[in-house]
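Data block below; observations after.
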Amino acid sequence: MKQWLAPLALAVALAAAWPRLQPPTAARFTTPAAAAPAAQVPSPAFSERLLANPQPSAHAATLAELPDGRIAAAWFAGSAEGARDVAIFLATFDGRQWSETRPIVTRAQAQRDTARLVRKLGNPVLASDDRGRLHLWFVSVGYGGWAGSAINHVASTDGGRNWSEASRLITSPFWNLSTLVRTPPMPLADGGWGLPAYHEFAAKRAEWLRLDAQGRVLDKARLPGAARTLQPAVAALDGGRAVAMMRDAGPANRIPLATTQDAGATWQAARATALANPNASVALLHLADGRLLLAWNPQTANRDKLALSLSRDAGATWSAPKIVEDSPGGEFSYPALLQGRDGTIHLAYTWQRKTIKHLAFSPAWLEAGP
């Protein structure tokens, strides 16, 4: 009888896992901004603010809109990037002012929740779903540098006041290491997400994760022709088409662009654009009026200049850069973009590595003079 126990257990395990072993159904993007044009906002409305940061260093902002219309921003902050005291911080904006900044994930908390060694925390990514939940994915490192990273997930049902325990995504059978996030996911029609990601161990390359509604990884694709690229920023154009623009780790120092026609299942080979890139992250947004908005450092070296550009032809051509920061020797990097339901565009970015800066403006402001 005992000789049958192992085969029986294997058969039961395979039967339980069978649904997850099947190929996932075809994905479709949801594009609420394109489906419901945003309301008009005053022109040329513009405001700028420096967020309160309780630590000496801040980096890697991310934005999401809450059900009540407030804007949530998260970033990592501590004594320095990679330090053991780095935590993920959150603040919210009600249209007039930012709330008090508070930590929402600490290294000790992430280590306790995942039951794994966590030496440092990195890039956070926020997103809101259509059920009112706020999601946060963030990077953690147990061993080595950023190449030894993993992705973790927490969620909040009360606008970021309280969060679930952190869980670690399974993105690779090989030690489950060296998958990172930086830019926001694209919601899918089945309730899941398409999550831009990237790999750094031994080689740098852009990747795409498909998650189900429970946050489990269903599929992973590497973007072809995207060697030595990082941090793909993706904008969905409709249910199937999307554009990805990436950080170039050199030597071309040009922003690569890739496209998909099937919601990320396959990607056309990335090609270098004419847009300069100093090995720095970019942000990409599909506006309600159909244009693409790009936030980028418009030079091949240094991050002391930050600009915005528009495309009316899905990224084939771009407007001249509209400069929002220009200070030799400074740093203005890792931008994040969001358009609220009222039409206001929000831009957040690392300001001098000291804090996060927030700009809010109308679409008409983009057309105004320098």
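For the sequence shown, the residue numbers in mature numbering (1 follows the signal peptide of the UniProt record, and there is no 0) are -17 to -1, 1 to 353.
Backbone N, C-alpha and C define an ideal beta-carbon position, used for all residues, glycine too.
Asked                                                                                                             : Found
DSSP three-state assignment for G273, whether helix, strand or coil                                               : coil
Residues near A252 in its chain [Cβ-Cβ closer than 6 Å; skip 5 each side]                                         : P207 and G208
Which of helix, strand or coil DSSP assigns to R237                                                               : strand
Three-state secondary structure (DSSP) of A91                                                                     : helix
Residues near A255 in its chain [Cβ-Cβ closer than 7 Å; skip 5 each side]                                         : A235, R237 and P239
Nonlocal neighbours in the same chain, by C-beta distance under 7 Å from I153, ignoring five residues either side : N159 and V200
Euclidean distance between Cα positions of A319 and T45                                                           : 5 Å
Paired residues, beta bridge with T45 - DSSP                                                                      : A57
Delimiting residues of the beta strand (DSSP E) encompassing A66                                                  : A66 -> no beta strand (DSSP E), and no H or E assigned at all.
Proximity winner among P170, A266, G326 and L267, relative to G247 (alpha-carbon distances)                       : P170
Supposed close pair T166, V108 - CB separation, criterion 8 Å                                                     : 7 Å
Cα-Cα separation, S40 to A60                                                                                      : 5 Å
Span separating the alpha-carbon of A343 from that of W129                                                        : 32 Å
Element boundaries [beta strand (DSSP E), containing W334]                                                        : I328 to W334
CA-to-CA distance, A47 to R116, given in whole angstroms                                                          : 11 Å
C-beta atoms of L292 and K305 nearer than 8 Å                                                                     : The amino acid occupying residue 292 in the given sequence is Ser; Leu does not appear at that position. Yes, the pair counts as a contact, with Cβ atoms nearer than the cut-off.
Of the residues G78, D77, R286 and L267, the one placed nearest G298, counting alpha carbons only                 : L267
Identity of the residue in P311, W120 and E148 nearest L194 by Cα                                                 : W120
Cβ-based burial, T249 [other Cβ within 10 Å; buried from 16]                                                      : exposed
Within the segment 104 to 148, ranges of the alpha helix (DSSP H) (whole runs, at least 4 residues)               : none
Beta-ladder partner(s) of F29, from DSSP                                                                          : F344
Nearest-angstrom Cα separation, counted from A351 out to I339                                                     : 25 Å
Straight-line Cα distance separating T212 from R286                                                               : 17 Å
CA-to-CA distance, T8 to N36, given in whole angstroms                                                            : 43 Å
Close Cβ partners of F29 (< 6 Å) along its chain, the five nearest in sequence each way excluded                  : F344 and W348
Exposed unless 16 or more other CB atoms sit within 10 angstroms - verdict on H341                                : buried
Check whether N280 and A263 have beta carbons under 8 Å apart                                                     : yes
Selection from R114, A57 and S147 that minimises the alpha carbon distance to L104                                : A57
Between the CA atoms of V265 and A18 - distance to the nearest angstrom                                           : Low per-residue confidence applies at A18: pLDDT is 36, beneath 50, and the placement is therefore not dependable, though the value from the model is reported in the following sentence. So the alpha carbons of these two residues sit roughly 25 Å apart.
Integer-rounded CB distance, given that L192 should sit under 8 Å from H269                                       : Not quite, the Cβ-Cβ distance comes to about 20 Å (not below 8 Å), so this is no contact.
Where L349 sits in the DSSP three-state scheme                                                                    : helix
Where P50 falls, given that 16 or more other Cβ within 10 Å makes a residue buried                                : exposed
Under the three-state DSSP convention, the category T13 falls into                                                : coil
Rounded separation between R324 and G52 - CA only                                                                 : 7 Å
Coil, strand or helix - D202 by DSSP                                                                              : strand
Extent of the continuous beta strand (DSSP E) run through A225                                                    : A225 to D231
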